[in-house]
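Heads up: the structure comes next, in C-alpha cells.
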Amino acid sequence: MDFLEVARTTFAAREFTEDEVPDDVLYRIFDTARFAPSGGNRQGWKVIAVRDPKVKQKLGELCWPAMRIAAAQIRAGEVYWQSVTATAVDISDAASDESLPIAIPMFEHLEDVPVVCVVAVDLNVVASMDQYLDRVGVVSGASIYPMAWSALMAARNEGFGGTLTTLLASREPEVQELLGLESYEAVAAMLTFGRPPKQLSKLSRKPVEEFVFIDHAGGEPLTA
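If you count the sequence shown from 1, position 10 lands on 35 in this note's numbering, and the numbers rise without skipping.
Written out as C-alpha cells, the structure reads:
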C-alpha cells in the first residue's frame, strides 16, 4: 500500500473475522514497528503477544473496571478519565458496579480476538522530562507510542487491523503479575490484532486549521 493511504486509513478496528494472524505476519508487523523512534534510541519496549484464550479473557476482564468508571463519569456529565478536575464519581463503587455497561463488546469476548499484544516500557531507560511538573506525566509516552502506532500501520499494510487501548494500565499490578512483567515495566498499551470484516477508507478527523496555529496559541491557523 501507498504510505499516505496507510497513514490516512489506519482505523481503530474492534471487530474481526475468524482469520488468524499468523506468526510470520505478526513478526513482520513488529519488524517494521521496531524502527520507531524512542528517547535516546533506548528502545525500552517489551511486547507480550498473547494467544492463550484464558489469558486473553483475563486481560479483557481487567479492562472492565476502567470501562465501568468511564460509564459512570459519562453519566455524570464528565469527560471520562481526564486528570485536570476532580471527578464527582466514587471510583471504587463505579469499578465494581456490574450494572454499568461495558461499552465496547470486544472486551467482553477478548478471547475471540486472534492475538492480543500487551505493550510495556522499561521506565529505567525512559527520559520523563515532565516528571517534576504538577500534572500527570505524558512525555514518557514519546518513547513507546510511536512503536505501537507503527505496529498498527504495519498491520493495516498487511491487510489486517487493530486498535490501541490503555485500559489495562489502570490495573497494572495485576497485569504485571499475570504476564511476568517487572515492577518497572509500565503497562503502556494493549494492541488487538485481527482481520476486520471491512477496511475503512475514509476517517473523520479535525481539519489542520483547528489545531495548528502560527507563532502563538492565539495566532492565525495554518492554511494551505
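All C-beta atoms in this analysis are idealised placements derived from N, C-alpha and C, irrespective of residue type, glycine included.
Span of the alpha helix (DSSP H) holding Met131? Within the sequence shown, numbered from 1, the residue matching residue 131 stands at position 106. Where Met131 is concerned, there is no enclosing alpha helix (DSSP H), given that its DSSP letter is neither H nor E.
What residue range does the beta strand (DSSP E) around Met215 cover? One-based indexing of the sequence shown puts residue 215 at position 190. Here the beta strand (DSSP E) through Met215 covers Glu210 to Gly219.
Sequence-distant residues of its chain with Cβ nearer than 6 Å to Arg67 (five each side left out): As a working mapping, residue 67 is identified with position 42 in the sequence shown. Excluding positions up to five away in sequence, the list reads Val150.
Which runs of the alpha helix (DSSP H), 4 residues or longer, sit entirely within the region 138-189? 170-182
Please classify Lys231: does DSSP put it in a helix, a strand, or coil? By one-based count along the sequence shown, residue 231 stands at place 206. In the structure shown, Lys231 sits in coil (DSSP, three-state: anything other than H, G, I, E or B).
Suppose contacts are defined by Cβ-Cβ distances below 8 Å. Is Leu193 in contact with Val143 by that definition? Along the sequence shown, one-based indexing puts residue 193 at 168. Along the sequence shown, one-based indexing puts residue 143 at 118. Yes, they are a contact pair.
For Lys71, which residues does DSSP report across the bridge? Against the sequence shown, residue 71 aligns to sequence position 46. Beta-bridge pairing links Lys71 to Ala145.
So which of Arg160, Ala128, Lys223 and Thr112 has the shortest CA-CA distance to Gly186? The count along the sequence shown starts at 1 and reaches residue 186 at position 161. Cα-wise, what sits closest to Gly186 is Lys223.
Looking only at its chain, what residues have a beta carbon closer than 7 Å to the beta carbon of Val141, apart from the 5 residues adjacent to it on each side? Locating residue 141 in the sequence shown gives position 116, counting from the first residue. Contacts found: Val75, Lys81, Leu84, Leu135, Met215 and Thr217.
So, is Met154 buried or exposed, given that buried needs 16 or more other C-beta atoms within 10 angstroms? Numbered from its first residue, the sequence shown carries residue 154 at position 129. By the 10 Å Cβ count, Met154 comes out exposed.
For Pro198, tell me which candidate among Thr188, Thr190, Tyr209 and Leu189 has the shortest Cα-Cα distance. The residue given as residue 198 occupies position 173 in the sequence shown. Comparing Cα positions, the closest option is Tyr209.
Identify every residue that forms a DSSP beta bridge with Phe238. Taking the sequence shown and counting its residues from 1, one reaches residue 238 at position 213. DSSP, once it has assigned bridges, lists Pro246 as partnering Phe238.
Can you give me the Cβ contacts of Pro78 inside the same chain, cut-off strictly under 6 Å, excluding the 5 residues immediately before and after it? Start at 1 with the first residue of the sequence shown, and residue 78 comes out as number 53. These residues qualify, in order along the chain: Glu136.
Return helix, strand or coil for Ala61, following the three-state DSSP convention. To locate residue 61, count along the sequence shown from 1; it is residue 36. If DSSP states are grouped into helix, strand and coil, Ala61 belongs with coil.
CA nearest to the CA of Arg100, picked from Glu133, Ser124 and Leu225: Translated into the one-based positions of the sequence shown, residue 100 becomes position 75. If we check each option's Cα against that of Arg100, Ser124 comes out closest.
Give me whichever residues DSSP pairs with Ala37 in a beta bridge. Reading the sequence shown from its first residue, position 12 is the one you call residue 37. DSSP lists Gly187 as partners of Ala37.
Member of Val233, Gly184 and Ala211 whose CA lies at the smallest distance from the CA of Asp44: By one-based count along the sequence shown, residue 44 stands at place 19. When each option's Cα is compared against that of Asp44, the closest is Gly184.
Please identify the residue among Arg39, Ala145 and Phe36 whose C-alpha is closest to the C-alpha of Glu202. Within the sequence shown, the letter at position 177 stands for residue 202. The shortest Cα separation from Glu202 among Arg39, Ala145 and Phe36 belongs to Ala145.
Report yes or no: do three or more beta-carbon pairs, one from the region 45-58 and one from the region 156-167, lie closer than 8 Å? no
Pick helix, strand or coil for Gly85, following the three-state DSSP scheme. Residue numbering aside, residue 85 sits at position 60 when the sequence shown is read from its first letter. Three-state DSSP puts Gly85 in a helix.
Candidates Gln98, Phe36, Ala37 and Gly65, of which the one nearest Ala167 by Cα: Start at 1 with the first residue of the sequence shown, and residue 167 comes out as number 142. Cα-wise, what sits closest to Ala167 is Gly65.
Roughly how many angstroms lie between the CA atoms of Leu247 and Arg230, to the nearest whole one? Translated into positions along the sequence shown, residue 247 becomes position 222. Translated into positions along the sequence shown, residue 230 becomes position 205. Rounded to whole angstroms, Leu247 to Arg230 spans 16 Å at the Cα level.
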